[in-house]
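S.K.: Mind having a look at this structure? Questions to follow.
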Amino acid sequence: MTITIAARDTPPYQDQVGGEHYRSLAIGPMEFCLRNRLGPATYAVLKYLIRFSSTGSRGGNVEDLDKAIHCIEMYKFEEQHGGTEGQHGSGQEVQEAEEGGGPEGDPRHIRIP
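Per the numbering used here, the very first residue in the sequence shown carries number 53; after that it's consecutive.
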């Protein structure tokens with residue numbers, strides 16, 4: 053399968069599809085993780101913690117905390133048991149796309165195995 057993403061002239065970080073929970077932040081969880089080269093587990097935990105804390109005076113949704121804890125538990129389990137390296141692909145496909153190695157060198161194409 054190949055996914056094609058339209059080219060942009062501006063970074064997409066100022067946009068948010070659905071909701072308002074990241075608009076008040078100086079930097080959203082996805083941008084933070086990408087810029088700091090953090091993995092998907094860190095992104096997931098940050099996302100749920102931010103959602104919990106962004107609900108304001110209404111009080112946080114405890115389910116978001118449960119989701120963050122669950123992500124941490126999964127990450128801890130994988131770290132303790134050797135991880136899943138090699139079971140879900142090597143990440144080579146994404147690396148090639150980041151380096152412009154998609155079809156005909158086009159970085160907008162990402163091949164999903």
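Each residue gets a CB set at the ideal place from its N, CA and C atoms; glycine is no exception.
For isoleucine 55, which three-state DSSP category applies?
M.R.: strand
S.K.: Let me know the secondary structure DSSP gives tyrosine 74 once reduced to three states.
M.R.: Collapsing the DSSP output to three states places tyrosine 74 in coil.
S.K.: Measuring alpha carbon to alpha carbon, tell me which residue in Gly134, Leu101, His133 and Gly112 is nearest histidine 122.
M.R.: Leu101
S.K.: How far does the alpha helix (DSSP H) with isoleucine 79 in it reach, from first residue to last?
M.R.: Run containing isoleucine 79: none; DSSP gives neither H nor E here.
S.K.: Would the beta-carbon of glutamate 83 fall within 8 Å of that of tyrosine 65?
M.R.: yes
S.K.: Should arginine 103 go down as buried or exposed, given a rule of 16 or more other Cβ atoms within 10 Å for buried?
M.R.: buried
S.K.: Does the beta-carbon of valine 97 have 16 or more other beta-carbons within 10 angstroms, so that it is buried, or is it exposed?
M.R.: For valine 97, the number of other beta carbons within 10 angstroms of its own is at least 16, and it is reported as buried.
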